[in-house]
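Have a look at the structure below before the remarks.
Chains as they are written, first to last, in UniProt numbering: chain A, 1 to 429; chain U, 1 to 173.
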């Protein structure tokens, strides 16, 4: 028995010490029709540190809304506005060019970056910024910030290049199955392990302040809702009742979590005060009530319910009043979440034996399919509302996909094993 | 041509990426990650307790406690004939061993969303629990957990795999 325990302890340790899960591989799989041309010129004095222009270019191209002029096709490489000769850019059909330069902060390692966006056609400076000096290791974030500014100027909505995604990666079957809760940049870069377990990890959700992550874990056959502090790595077990502890959803003010608990009867929606742990039950019906999500104004909660038969989406007031069915197209509709502007709801729709991501227009009640898989699930809006990330079945396992809400741009994020339950972070404030 | 004005507006975002750079960011292990033994007996696919021999020997059904998985139809928590035989065997065992305890692990196939499937799995485990209690077990002998679709017994994406995944596993504690 001691021998057995030792082996099992070693096995568990192995999980903890095993290298981080591989990085997600990013691919734009659809889009680029109507993408606009842009030239990102290599930044001046950009030696010995990250190639800023390359990161900016990667961001803009990965958005699916831009294509970039290859460096080898650039007839000049200005780093200051006065060096620009507009004829060199008209010759290669570029309207917009980005130039910039890097400067070492005297007396420290910090690096300052200055950049400009020029409309060469009109001969106009459209942006000119001096970015705050940053440690060389943080330059990727400076570059994402620059990409955000360029994106917002040219597209008209905020960029999301400085956002993150949380997701659950898993590998193996049976006793060998291992789960890891991960955080990476939106494009899969810089993956970091938040938690690992041999029992399921589920349903990560970012707090509105982006500093905390709620998720579901199991320990010795009992589920709990945990709140992870991203900066300190500290974890707090918030709810661990008998039965189901699931589906955490942050209130817009970050003080409460709507959750699913079953300890009093069957799965019902409760609201838990994050500071005190005090619980309030919002639903009482027979059958499953689960997958709550708040409206951005905090006034309403949508959720999945069986009260009328097969699961459909219902909406109630945030204190549990007047639940009303709001999804009517499709055999089933599940796991609703509001767009940041509150006008749309992303959900999982079952029809023709396929689970697909759909967008429900809150005002009109009309529904529009966004994805075309068989087992698509777990939609999560980007904080600018322009893109939805979800999990889908790929050729070698579950992977993540994104689709722009206009359906034009599609991206994939995959790695060995299964990747599921994406949660797109809010913008940094 | 170009206005030679540098708009040196300093971007006043927060300390971008500061949270990610913090060196104190050790991976937090939670939810049983670091707690050795948390994976014990919760495997769902193999019986670590090796308890197949614990079943009553007076039974003539040919079943043993090794037959400890009850299967369900799609979207159903009804226990069919073969399932009833397994359940009644465990009910007798619990009734005659008042200190014995079981965990019922409810599972669903991959169709439907993950949290909804946790609900489905619990409904199945509750059905088995009710049958055990009506067969003589006491509620105190039974723990219930639902893993939803998270711990598939068969990783396939067809009906034969799904049929193996819609199940309640009876684990002796």
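Even for Gly, the Cβ is constructed at its ideal location relative to N, Cα and C.
> Among residues of its own chain, excluding the 5 on either side of residue 36 of chain U, which ones have a beta-carbon nearer than 7 Å to its beta-carbon?
Replying inline: Any reading at residue 36 of chain U needs caution, since the residue's pLDDT is 32, under 50, leaving its predicted position unreliable; the model's value is listed next. Around residue 36 of chain U: no qualifying Cβ.
>> Please list, in chain order, the chain A residues whose beta carbon lies closer than 7 Å to that of residue 143 of chain U.
In response: 221
>> Are the CB atoms of residue 244 of chain A and residue 255 of chain A within a distance shorter than 8 Å?
In response: no
>> I need the straight-line Cα distance from residue 395 of chain A to residue 381 of chain A, nearest angstrom please.
In response: 24 Å
> For chain A, is any of its Cβ atoms less than 8 Å away from the one on residue 118 of chain U?
Replying inline: yes
> Can you list, in chain order, the residues of its chain whose CB lies under 6 Å from that of residue 337 of chain A, leaving out five sequence neighbours each side?
Replying inline: 293 and 346
> Who are the Cβ neighbours of residue 157 of chain U in its own chain at under 8 Å, not counting the five residues just before and after it?
Replying inline: 110
>> Which residues of the region 189-210 of chain A have a Cβ closer than 9 Å to any Cβ of chain U? Give them in chain order.
In response: 190, 192, 193, 194, 195, 196, 197, 198, 199, 200, 201, 202, 203 and 210
> Just curious, the alpha helix (DSSP H) that residue 421 of chain A is in, first and last residue?
Replying inline: Segment 418-424 is the beta strand (DSSP E) holding residue 421 of chain A; no alpha helix (DSSP H) there.
> Is residue 135 of chain A helix, strand or coil by DSSP?
Replying inline: coil
> Can you list the residues of chain U that residue 246 of chain A reaches, using a CB-CB cut of under 7 Å?
Replying inline: 115 and 118
> Which bits of chain A does residue 157 of chain U rub up against, with CB to CB less than 9 Å?
Replying inline: 374, 375 and 393
> What beta strand (DSSP E) runs, 3 residues minimum, are completely inside the region 270-323 of chain A?
Replying inline: 279-281, 289-294, 300-305 and 312-317
> Tell me, which residues are paired with residue 102 of chain A by DSSP?
Replying inline: A:113
> What are the boundary residues of the beta strand (DSSP E) that includes residue 54 of chain A?
Replying inline: Note, residue 54 of chain A: premise wrong, no beta strand (DSSP E); alpha helix (DSSP H) at 52-62.
> DSSP puts residue 250 of chain A in a beta bridge; with which residues?
Replying inline: A:257
>> I need the DSSP call for residue 67 of chain A, collapsed to helix, strand or coil.
In response: strand
> Buried or exposed: which applies to residue 83 of chain U, given that a residue is buried once 16 or more other Cβ atoms fall within 10 Å of its Cβ?
Replying inline: buried
>> Quick check: the Cα distance between residue 60 of chain U and residue 129 of chain U, rounded to an integer number of angstroms?
In response: Here the model assigns residue 60 of chain U a pLDDT of 47, short of 50, so the residue's position is not dependable, and the following value carries that caveat. Taking the straight line from one Cα to the other gives about 23 Å.
> Which residues in the same chain have their Cβ closer than 7 Å to the Cβ of residue 74 of chain A, if we skip the five residues on either side of it in sequence?
Replying inline: 39 and 41
> Closest to residue 239 of chain A by CA distance: which of A:220, A:263 and A:230 is it?
Replying inline: A:263
> Which of the three DSSP states, helix, strand or coil, is assigned to residue 173 of chain A?
Replying inline: coil
> Tell me the DSSP bridge mates of residue 367 of chain A?
Replying inline: A:360
> Who are the near neighbours of residue 420 of chain A in its chain, counting only those whose CB is closer than 6 Å to its CB and skipping five residues on each side?
Replying inline: 168, 391 and 398
> Going by Cα to Cα distance, which pick from A:22, A:23 and A:29 is closest to residue 412 of chain A?
Replying inline: A:29
> Span of the beta strand (DSSP E) holding residue 219 of chain A?
Replying inline: 212-219
> Are any of the Cβ atoms in chain A nearer than 8 Å to that of residue 147 of chain U?
Replying inline: yes
> Run through DSSP, which three-state label would residue 115 of chain U get?
Replying inline: helix
> Checking contacts by CB at 8 Å: is residue 264 of chain A closer than that to chain U?
Replying inline: no
> Roughly how many whole angstroms lie between the Cα atoms of residue 43 of chain A and residue 52 of chain A?
Replying inline: 7 Å
>> Tell me the DSSP secondary structure of residue 128 of chain A in three-state form.
In response: strand
>> Buried or exposed for residue 129 of chain A, going by 16 or more other Cβ atoms inside 10 Å?
In response: buried
> Applying a beta-carbon distance threshold of less than 9 Å, which residues of chain U neighbour residue 173 of chain A?
Replying inline: 45, 151, 152, 153, 154 and 155
> Is any beta-carbon of chain A found at less than 8 Å from that of residue 169 of chain U?
Replying inline: no
> How would you call residue 171 of chain U, buried or exposed, if buried means at least 16 neighbouring beta carbons within 10 angstroms?
Replying inline: buried
> Counting pairs of Cβ atoms below 8 Å between the region 76-94 of chain A and the region 175-184 of chain A, do you hit three or more?
Replying inline: no
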